Amino acid sequence: MKKILFFLSLSLLSFVDMQGQQFKVITSVESIVPSGLGRSRIIDAKEDKDYAEYTSEQTEDDNTRNKSKRSEIRVKNFEETKLLNFYNIAGIRFQNIAANDALISSKLSAMASEGWELVFVTSAVEADAGDKDGNGIFITRYVFKKD
């Protein structure tokens with residue numbers, strides 16, 4: 015009887031493992047453009063794409079290229095949550111940052127309640143950084159997984 019239970023348990027575990035994991039990326043983009051002129055959003059794609067359809071392999075002997083169009087890669091079904099910009103006409107706006115934190119926390123909580131586990135977060139800033147740099151974004155990617 016113990017052997018039967020052991021093999022049933024092992025079979026169940028291998029079945030669960032064969033199901034694989036799902037990953038999902040949510041991105042927040044926060045404008046660091048002075049005077050509040052930029053756009054800030056949380057972006058959540060609502061359709062899946064198979065990377066293999068847009069991937070080509072190149073070797074010295076063969077330059078096989080994937081002929082897919084850029085327009086085919088675009089995701090047209092996505093959720094866009096408005097965020098506030100970091101700056102307004104008077105300068106940095108801490109209330110806007112607090113509001114964005116509340117909205118992002120709400121989105122992360124909703125993802126967790128749907129069974130997604132936050133496994134990785136990465137952030138970056140893009141800016142010209144020249145003498146008169148007036149443009150830039152603060153981008154954060156939240157990587158989730160679900161078994």
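Sequential numbering from 15 applies to the sequence shown in the working numbering. Note that beta-carbon positions come from the ideal geometry of N, C-alpha and C, so glycine has one too. Being a predicted model, the structure only gives us computed values, none of them experimental.
CA nearest to the CA of residue i, picked from the options
{"i": "E44", "options": "F158, K160 and A112", "result": "A112"}
{"i": "V39", "options": "E140, V133 and S127", "result": "V133"}
{"i": "I106", "options": "I46, I56 and E140", "result": "I46"}
{"i": "D161", "options": "G129, N149, D75 and R155", "result": "G129"}
{"i": "K5", "options": "T69, K96 and D75", "result": "A query on residue 5 cannot be resolved here, the shown segment of the chain reaching from 15 to 161 and no further."}
{"i": "N114", "options": "L98, S123, E67 and Y65", "result": "L98"}
{"i": "D62", "options": "E131, A124 and K90", "result": "K90"}
{"i": "R55", "options": "Y65, D64 and I118", "result": "I118"}
Through-space distance from residue j to residue i, alpha-carbon basis
{"i": "F152", "j": "S49", "result": "16 Å"}
{"i": "R53", "j": "Q109", "result": "16 Å"}
{"i": "F37", "j": "A59", "result": "12 Å"}
{"i": "E94", "j": "T73", "result": "39 Å"}
{"i": "L22", "j": "V157", "result": "With a pLDDT of only 49 at L22, under 50, the local geometry of the prediction cannot be trusted, and no value is derived from it."}
{"i": "A141", "j": "L51", "result": "15 Å"}
{"i": "D75", "j": "K121", "result": "48 Å"}
{"i": "G34", "j": "I103", "result": "49 Å"}
{"i": "I87", "j": "E71", "result": "18 Å"}
{"i": "S42", "j": "Y65", "result": "22 Å"}
{"i": "A123", "j": "S85", "result": "The residue asked about is misnamed: residue 123 is Ser in this sequence, not Ala. Those two C-alpha atoms are separated by around 33 Å."}
Paired residues, beta bridge with residue i - DSSP
{"i": "D58", "result": "I40 and E93"}
{"i": "V135", "result": "Y156"}
{"i": "G34", "result": "DSSP, once it has assigned bridges, lists no residue as partnering G34."}
{"i": "Y101", "result": "I106"}
{"i": "I46", "result": "None, per the DSSP bridge assignment."}
Run of the alpha helix (DSSP H) containing residue i, from where it starts to where it stops
{"i": "Q109", "result": "F108 to S127"}
{"i": "E74", "result": "Where E74 is concerned, there is no enclosing alpha helix (DSSP H), given that its DSSP letter is neither H nor E."}
{"i": "I87", "result": "R84 to I87"}
Nearest-angstrom Cβ-Cβ length linking residue i and residue j, presumed shorter than 8 Å
{"i": "F92", "j": "I57", "result": "6 Å"}
{"i": "S127", "j": "T154", "result": "Contact flag wrong, Cβ pair sits at about 20 Å."}
{"i": "G150", "j": "V139", "result": "6 Å"}
{"i": "E131", "j": "K159", "result": "5 Å"}
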